[in-house]
Structures are given as C-alpha cells and as structure tokens.
Amino acid sequence: MRLLVLGGTHFLGRHVVAAALARGHEVATFTRGVSGEPPARVRVLHGDRDDPGALPAALAGWTPDLVVDTSCQGRAAAEHAAAALADVAGYVFVSSLNAYRSWPPGPVTGEDDPTWDTEDDEYGPIKAHAERVLAAALGDRFLTARAGLIVGPHDPLYRVGWWLDRIAAGGRVVVPADTLDQPIALVDARDLAGWLVEMAEARPGGAVNATGPAGMTTFGGLLETCREVTGSDAEWAPVTDADLLATGVQEWTHLPLWLTADQARTAWDVDTTRARALGLPSRPVRDSVADTWAWMRSSPRPAPPPGRTLPGLPPELERALLFAAAG
Ligand SMILES: NC(=O)c1ccc[n+]([C@@H]2O[C@H](COP(=O)([O-])OP(=O)(O)OC[C@H]3O[C@@H](n4cnc5c(N)ncnc54)[C@H](OP(=O)(O)O)[C@@H]3O)[C@@H](O)[C@H]2O)c1
C-alpha cells in the first residue's frame with residue numbers, strides 16, 4: 001500500500017521507513033528536509049506541516065492509503081494533517097504518555113485515564129489536542145500510540161547514550177542509590193516502528209500505551225548492562241536522592257532517566273495490557289543497549305533536535321558528588 005510517514009528522517013521515523021519498506025509498502029516521507037533525507041527507494045516530499053497548504057501541495061498526484069505520524073509537535077500541525085489526510089484508510093499517531101493529565105508522576109492505569117484538555121502550549125496538552133483533532137477526523141481508522149521512553153540506535157536525545165559514554169569512560173560513576181532497584185520500562189525504536197506499521201495496516205483503533213512491560217529491567221539493571229556492553233571497569237558511586245537534590249542535580253536532565261524514588265515508583269508504573277494484546281514486541285534490553293553502543297561508535301553523533309539540549313551531569317556537580325561520596 002502507499003504509506004506516508006510524517007517525519008521519517010531522524011530517529012523513530014527513520015525506523016518506521018525501514019519497517020514499511022521491509023513490509024513491501026510504497027513509502028513517502030514528508031519533512032522540511034532539515035534533518036537529512038530518507039533512503040533512495042522512498043518518495044521524498046518536502047514542506048512544513050505548520051503551513052496549512054504544504055501537505056496538500058506535496059501530496060498532489062500521490063494519495064496515501066496509510067499514515068504513520070511521527071512528527072507532530074504543534075496544534076496547527078495536527079489540524080493541517082487532519083484536513084489533508086482525513087480520507088486515508090489508517091492513521092497511526094505517535095503520542096506520548098505526557099498526554100495523560102496525571103503523568104508524570106502517574107501511575108497510568110489504562111488508556112481511559114484522563115488526558116489534558118487545556119490550551120497550554122506544552123508538550124502533553126499539545127499531544128492530547130492532536131489526538132482529539134485527528135480522532136474526530138478519522139474515527140476508528142485512527143490509533144494513537146502513547147509512547148514511553150524510546151531508545152535505540154539513532155536516538156538524538158542521548159539518554160541511554162549519555163550513560164554509555166560516561167560508563168565507558170570508567171572510574172567512579174555517580175548512580176542514584178535510591179532507585180537502582182526501581183523497575184523501569186522502555187521501548188526500542190525498531191520494535192515500536194515495526195509495530196506502528198502493522199497497526200496502520202490492521203487498524204485496531206483507539207489509544208494504546210506504547211512502551212515495554214513494567215519491570216522488564218530495573219534502573220540498576222540498565223546501568224549494569226551499559227557496563228557489560230562497554231566492557232568498562234567503572235565503579236558505582238551511589239548517591240542518595242537527598243544528596244543529589246542538595247547538590248543541585250536535576251532529575252532526568254542531569255542524570256538521564258533518574259527520578260526521585262517517590263516519583264519513579266508511579267512514573268514507571270504504566271499499564272501496557274493493550275500493547276501486549278496488540279503484539280507490541282519488546283526485545284531484550286541488552287540488544288537495545290548493545291546496538292546503541294555499536295551505532296555510537298560507528299557513526300557521527302547527530303545534532304540534538306532544535307531547542308533541545310543534551311542531557312548529562314555537569315562536571316562540577318560530578319566532582320562535588322564524587323568528593324562527598326569518597327569522604
Ligand atoms: N524520544 C522519546 O523518548 C519519545 C517519547 C515519547 C514520544 N515521543 C514522540 O515520538 C515521535 C518521534 O520522535 P523522534 O525523536 O523519533 O522524532 P523523528 O520522527 O525521528 O524526527 C522528527 C521528524 O519530523 C520532521 N519534522 C520536524 N518538524 C517538522 C515540520 N514542522 N514539518 C515537517 N516535518 C517536520 C523532521 O524532519 P525535518 O527536520 O527535516 O523537518 C524529522 O524527520 C515524536 O512525535 C515524539 O513526540 C518520543
């Protein structure tokens with residue numbers, strides 16, 4: 001079938017393109033052409049989805065059957081897509097757990113938990129608005145995949161990547177003492193991408209929490225996997241939540257994936273019963289980590305998306321924490 005990827009040249013979208021080609025679809029991407037281009041077999045459509053005329057102009061003469069939308073970050077972008085693509089047979093939208101009003105800190109008990117209905121220009125309310133606009137246009141031909149933490153090769157946000165780099169560098173590594181045993185869940189971009197294409201074909205409709213099964217690993221297990229994969233002799237320097245906060249360490253941004261224990265307990269508690277029923281795969285965490293490390297060592301680092309700064313522990317905070325931990 002003719003499958004249009006909105007996005008398709010950066011991280012998740014690139015894997016969606018690969019999966020759609022592997023499943024025999026005739027694939028087109030729609031991007032501004034800023035983040036690179038798709039493989040040669042793909043029809044390249046350019047335009048800015050914030051511009052109401054761009055999608056209809058780019059699609060002139062090529063009508064998609066299916067859409068996988070990886071690039072929506074604004075209310076207008078959703079509205080323009082709903083207007084231009086309301087007749088497609090299946091539309092799968094990449095949303096986020098942030099669409100839920102109560103997440104973070106969660107927990108997310110199921111897809112019927114309330115989503116944002118405010119007008120703020122924030123990520124979660126924008127995703128929730130986009131879901132509503134597209135669902136109104138497409139009805140049961142629309143599925144929204146509320147993604148959790150996406151990992152894997154080509155991740156420009158460098159969350160697992162930062163840990164891999166830091167652990168590979170060796171020595172004493174600051175780790176959050178209170179959450180090493182915390183169950184976490186993540187989804188490999190390649191698992192998610194292949195499944196999004198299948199969902200566009202199968203059209204089950206509705207909403208689904210798209211992440212790995214709760215407890216597929218722990219935070220400490222992920223860090224241990226990073227140590228194994230990099231062959232590092234790094235030693236853990238565990239620091240309590242109280243000491244991390246007192247030193248000025250910011251959750252998630254300074255230490256990627258770190259949330260204080262009280263937040264983490266519910267934030268990682270996401271019901272994925274429907275995702276499992278719909279066959280969202282979950283490869284071993286070790287495969288995701290090893291493949292991410294292989295990619296990091298073989299490819300130039302992509303620039304972070306515009307307006308995003310890469311995560312990481314500022315060196316002066318790391319020095320202070322290691323000094324205190326040694327004392
Ligand atoms: N990373 C996570 O952990 C995570 C978690 C939950 C949800 N999500 C969601 O997952 C989706 C995929 O994220 P990703 O990081 O993998 O992004 P991506 O799809 O790999 O990259 C964004 C794509 O959109 C295109 N694009 C951006 N702005 C555009 C515009 N105004 N008009 C047309 N095309 C545009 C970019 O190409 P050009 O720059 O060339 O235009 C690029 O191909 C996003 O919707 C994100 O909100 C991510």
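According to the UniProt record's numbering, the stretch in the sequence shown is residues 1 to 327, in order.
Even glycine gets a Cβ: it sits at the ideal position worked out from N, Cα and C.
Buried or exposed (CB count within 10 angstroms, at least 16 for buried), residue i
{"i": "T109", "result": "exposed"}
{"i": "S299", "result": "exposed"}
{"i": "E251", "result": "buried"}
{"i": "A326", "result": "exposed"}
{"i": "F323", "result": "exposed"}
{"i": "Y123", "result": "exposed"}
{"i": "T272", "result": "buried"}
{"i": "E235", "result": "exposed"}
{"i": "residue 339", "result": "Look at the range of the chain in this structure, 1 to 327, and you will see that residue 339 is not part of it."}
{"i": "R141", "result": "buried"}
{"i": "P38", "result": "buried"}
{"i": "T292", "result": "buried"}
{"i": "V34", "result": "exposed"}
{"i": "E228", "result": "exposed"}
{"i": "D113", "result": "buried"}
Distance CB(residue i)-CB(residue j) smaller than 8 angstroms
{"i": "A304", "j": "P156", "result": "A small fix is needed here, since residue 304 is Pro in this sequence, not Ala. A contact, by the Cβ cut-off of 8 angstroms."}
{"i": "T218", "j": "Q182", "result": "yes"}
{"i": "V208", "j": "I150", "result": "no"}
{"i": "V285", "j": "P107", "result": "no"}
{"i": "A77", "j": "R101", "result": "no"}
{"i": "G220", "j": "L180", "result": "yes"}
{"i": "L223", "j": "V175", "result": "yes"}
{"i": "H10", "j": "A189", "result": "no"}
{"i": "D117", "j": "A99", "result": "no"}
{"i": "residue 342", "j": "D178", "result": "Coverage of the chain is limited to positions 1 through 327, which leaves residue 342 absent and any answer about it impossible."}
{"i": "E316", "j": "G206", "result": "no"}
{"i": "L12", "j": "E201", "result": "no"}
{"i": "V239", "j": "L313", "result": "no"}
{"i": "L164", "j": "M1", "result": "no"}
{"i": "residue 328", "j": "A40", "result": "Outside the displayed span of the chain (1 to 327) sits residue 328, for which this structure offers no information."}
{"i": "L143", "j": "P64", "result": "no"}
{"i": "L97", "j": "I184", "result": "no"}
{"i": "L196", "j": "A135", "result": "no"}
{"i": "L259", "j": "A267", "result": "yes"}
Nearest neighbour of residue i, chosen from the options [CA to CA]
{"i": "V5", "options": "A22, V42, R190", "result": "V42"}
{"i": "G139", "options": "V175, T179, F93, V160", "result": "F93"}
{"i": "G215", "options": "W295, S282, A58", "result": "S282"}
{"i": "L255", "options": "I167, S71, A193", "result": "I167"}
{"i": "A294", "options": "G161, A28, G221", "result": "G161"}
{"i": "A130", "options": "Y158, A81, R297, T292", "result": "A81"}
{"i": "A18", "options": "A77, V68, L317", "result": "V68"}
{"i": "P104", "options": "A86, W116, Q263", "result": "Q263"}
{"i": "A147", "options": "V197, S95, H10, R190", "result": "S95"}
{"i": "residue 332", "options": "A86, G194, T253", "result": "As displayed, the chain neither begins before 1 nor continues past 327, which places residue 332 out of reach and without an answer."}
{"i": "A210", "options": "L280, R2, E26", "result": "L280"}
{"i": "G8", "options": "H25, G24, T31, E26", "result": "T31"}
{"i": "A83", "options": "W268, A137, R297", "result": "A137"}
{"i": "G171", "options": "P125, S232, L143", "result": "S232"}
{"i": "P56", "options": "E26, D87, G36", "result": "D87"}
{"i": "D120", "options": "P306, G307, R75, T144", "result": "R75"}
{"i": "D241", "options": "R23, E79, C72, L321", "result": "L321"}
{"i": "residue 369", "options": "S288, C226, G24", "result": "Any answer about residue 369 is impossible in this case: the structure gives the chain only from 1 up to 327."}
{"i": "R274", "options": "M199, G36, S71, E26", "result": "M199"}
{"i": "T253", "options": "G90, R159, V27", "result": "R159"}
{"i": "G61", "options": "P311, L45, T70, D51", "result": "L45"}
For residue i, the residue or residues it bridges with in DSSP
{"i": "V5", "result": "T29, V68"}
{"i": "P315", "result": "For P315, which the question treats as bridged, DSSP gives no partner whatsoever."}
{"i": "E235", "result": "R172"}
{"i": "V187", "result": "I150"}
{"i": "L255", "result": "E251"}
8 angstroms Cβ cutoff, residue i in contact with chain C
{"i": "A84", "result": "Protein chain content of the structure displayed is limited to a single chain, and chain C is not contained in it."}
Unbroken stretches of the alpha helix (DSSP H), 4 residues or longer, contained in the stretch 17–49:
none
Length at least 4, wholly inside the stretch 134–184: the alpha helix (DSSP H) runs in chain order:
159–168
Run through the stretch 264–294 for me and flag every whole alpha helix (DSSP H) of 4 or more residues, listed as ranges in chain order.
Counting only unbroken stretches of 4 or more residues, the alpha helix (DSSP H) elements lying wholly within the stretch 264–294 are 273–277, in sequence order.
Which parts of the stretch 192–231 are runs of the beta strand (DSSP E), unbroken and 3 residues or longer, counting only runs that do not cross its ends?
206–210
Ignoring anything shorter than 3 residues, give me the beta strand (DSSP E) runs that lie fully in the stretch 37–120, in order along the chain.
Fully enclosed beta strand (DSSP E) runs of 3 or longer: 43–46, 66–69, 90–96.
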